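First the structure, in the form of structure tokens, and then the observations on it.
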């Protein structure tokens, strides 16, 4: 049973390390996409603010 326990702990450790690496890579990969999203979001927000101000003047 001692060998079985060591093998199971090794397998679980390897799985945890792989999942952690995948999560870290996904976080770094998504960093660039948020900048593009923020830019589009701010453009839409500016358009809505301008439109509301135009409607208030009319």
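Numbering (this note's numbering), first residue to last: 1451 to 1508.
Glycine included, every Cβ here is placed at the ideal spot set by N, Cα and C.
Owing to the predicted nature of the structure, the values given are computational and were not obtained by experimental measurement.
Spatial distance of residue i from residue j (CA atoms)
i: residue 1499; j: residue 1490; result: 14 Å
i: residue 1507; j: residue 1480; result: 41 Å
i: residue 1455; j: residue 1475; result: 30 Å
i: residue 1504; j: residue 1477; result: 40 Å
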